[in-house]
Amino acid sequence: MEPETAKYTKELEKLLTGSDNILLISHINPDGDAIGSQLAFYHYLKSRGRTAEMITPNNLQEFLLWMEGAELINVFIKNRQRCIELIRNSDLIIMLDFNQTNRLGEAEKYVMESKARKVVIDHHLNPDHFADLLISDPSVCSTSELLYVLIRKMNNGPFNSRPFAEALYIGIITDTGNFDHGNYTGDTLRITAELLDTGIDKDKIQNLIYNNFSADRMRLMGYSLNEKMVILPEFSTAYISLSKSDLERYNYVKGDTEGFVNLPLSISGIVFSVLFIEKDGFVKLSFRSKGSFPSNKFARKFFYGGGHLNASGGEYPDTLEKTITYFIKVLVENFRDLEKGGEE
Ligand code: 5GP
Ligand code: MN
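For any residue, its number in this note's numbering is found by taking its place in the sequence shown, counting from 1, and adding 29.
Now the structure itself:
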């Protein structure tokens with residue numbers, strides 16, 4: 030996005046200086062990049078002597094709660110009235126790490142009704158055009174990386190501020206699975222190096238983000254791999270399905286299945302991995318792929334979803350059993366076409 034960065038930053042700068050009440054909002058089920066970019070933006074504004082309110086549509090996962098500033102985030106479903114007021118009072122709404130309004134969950138209606146000017150900063154493919162300023166770069170690994178580039182360009186940012194650097198670093202490591210997947214590039218590593226040079230404590234972060242699981246979660250992972258993983262070698266595919274009772278058995282709490290979908294991709298020859306989670310009246314699916322296999326095309330065509338080439342998701346309004354049957358049917362019918370790669 031290099032040639033256009035200057036234009037974007039000029040417009041963003043104009044919007045920032047011309048607004049009194051800035052609201053930062055990230056997506057439903059916010060991940061490390063959503064919260065990382067949101068908090069980094071907050072710390073950036075603070076360093077400029079500005080302030081901002083923050084909203085997420087629903088709760089943060091436990092492993093992100095320690096981040097500096099996380100306690101200032103208002104959770105829409107927990108505190109509706111206050112969040113609706115914050116949305117109504119804002120004159121600039123900056124949306125981070127999503128590009129479809131339904132990612133706002135129950136806050137969608139209020140944000141879309143608002144007369145505030147709207148900015149989207151995001152790295153997902155095929156953005157919808159609902160903002161006054163859309164800053165989208167699907168070639169970067171994370172919204173946090175994009176934000177780093179923008180802030181560098183705008184006025185160099187508070188790169189010596191620990192909470193700022195920490196937030197961007199967390200966005201980058203979580204969206205790349207610790208530099209294991211995703212669109213990370215030489216630029217990502219150079220940016221990460223600069224963030225590390227600020228003196229952030231990477232070992233502390235690693236322990237808080239990755240080595241912070243419950244014993245139940247580890248046992249659920251073992252059970253998923255041992256008893257619930259099915260391999261379809263003919264289609265280079267593996268899937269794991271977890272029913273509500275499986276989850277109950279291991280005292281599931283939100284976030285416990287995070288990362289499970291990546292595990293089968295470590296098996297030699299597997300290029301497509303799927304995780305099915307039974308919900309009330311529907312099934313949530315996560316897709317991961319290797320190489321040019323377009324998991325997002327599969328998600329979009331068959332499971333009302335979308336996402337990145339190698340990481341996407343969707344859902345299906347049926348029982349777990351019927352969803353798996355349908356999945357196998359569409360996989361068998363479409364795998365050969367999809368493995369040729371897609372336009373995405
Ligand atoms: P995860 O499997 O980690 O929940 O999601 C991976 C990526 O897939 C997300 O970053 C998001 O881009 C995309 N994604 C997940 N679920 C959905 C969905 O239901 N609809 C769409 N459009 N994208 C999704
Ligand atoms: Mn992201």
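In this text, a Cβ means the ideal position worked out from N, Cα and C, and glycines have one as well.
When you compare only the Cα positions, how much space is there between residue i and residue j?
| i | j | result |
| --- | --- | --- |
| Ile201 | Met83 | 20 Å |
| Leu249 | Arg109 | 33 Å |
| Ile296 | Leu175 | 32 Å |
| Thr205 | Asn212 | 7 Å |
| Pro32 | Glu350 | In this prediction, Pro32 has a pLDDT of 49, which is less than 50 and means its spatial position is unreliable; nothing more can be read from the coordinates. |
| Val104 | Ile54 | 10 Å |
| Met30 | Ile234 | For Met30, the predicted model reports a pLDDT of 47, less than 50, meaning its position is unreliable; a value from the coordinates is still stated below. Approximately 30 Å between the Cα atoms of the pair. |
| Met247 | Val361 | 32 Å |
| Tyr37 | Asp230 | 32 Å |
| Asp120 | Ile180 | 21 Å |
| Leu225 | Ile116 | 35 Å |
| Val359 | Arg77 | 52 Å |
| Phe327 | Asp366 | 11 Å |
| Glu135 | Leu52 | 16 Å |
| Thr354 | Ala267 | 14 Å |
| Gly228 | Asp216 | 19 Å |
| Asn325 | Asn207 | 22 Å |
| Val282 | His337 | 26 Å |
| Thr214 | Asp151 | 17 Å |
| Met141 | Leu133 | 10 Å |
| Gly310 | Lys75 | 43 Å |
| Arg278 | Asn241 | 20 Å |
| Leu218 | Tyr139 | 38 Å |
Pick helix, strand or coil for residue i, following the three-state DSSP scheme.
| i | result |
| --- | --- |
| Val303 | strand |
| Asn291 | helix |
| Phe316 | strand |
| Arg79 | coil |
| Ile106 | coil |
| Thr130 | helix |
| Ile84 | strand |
| Pro32 | Residue confidence for Pro32 is low, a pLDDT of 49 falling below 50, so the modelled location carries little weight; the figure read from the coordinates is stated next. Note: Pro32 maps to helix in three-state DSSP. |
Counting contacts by CB-CB distance shorter than 8 Å, is residue i in contact with chain C?
| i | result |
| --- | --- |
| Glu223 | Of the protein chains in the structure, only one exists, and it is not chain C. |
Name the DSSP bridge partner or partners of residue i?
| i | result |
| --- | --- |
| Met247 | Paired residue(s): none; Met247 is not in a bridge. |
| Asp151 | Ser165 |
| Gly336 | Ser341 |
| Glu259 | According to the sequence shown, residue 259 is Val rather than Glu. According to DSSP, Val259 bridges with Tyr268. |
| Ser55 | Leu125 |
| Arg146 | Leu121 |
Around the Cβ of residue i, are there at least 16 other Cβ atoms within 10 angstroms (buried) or fewer (exposed)?
| i | result |
| --- | --- |
| Glu307 | buried |
| Val388 | Nothing about residue 388 can be read from this structure; the chain reaches only from 30 to 373. |
| Lys147 | buried |
| Lys313 | buried |
| Asp166 | buried |
| Asn128 | buried |
| His158 | exposed |
| Leu197 | buried |
| Ala81 | buried |
So, for residue i: in the same chain, excluding its five sequence neighbours on each side, which residues have a beta-carbon less than 7 Å away from its beta-carbon?
| i | result |
| --- | --- |
| Leu294 | Ser302, Arg317 and Lys319 |
| Glu91 | Gly284 |
| Ala63 | Ser55, His56, Leu125 and Asp126 |
| Cys112 | Ile84, Asn103, Phe105 and Ala136 |
Under 8 Å Cβ to Cβ from residue i, same chain only, skipping five residues before and after it: list those, please.
| i | result |
| --- | --- |
| Tyr333 | Gly343, Glu344 and Tyr345 |
| Ala99 | Ile64, Leu68, Leu89 and Leu93 |
| Gly298 | Pro262 and Ser265 |
| Ile260 | Thr266, Ala267, Pro293, Ile296 and Ile299 |
| Ser272 | Glu307 and Leu349 |
Might you give, ordered along the chain, the residues of its own chain that have their beta carbon closer than 6 Å to the beta carbon of residue i, omitting 5 neighbours on each side?
| i | result |
| --- | --- |
| Leu304 | Ile269, Phe289, Val290 and Ser315 |
| Lys182 | Thr34 and Thr38 |
| Glu97 | Pro192 |
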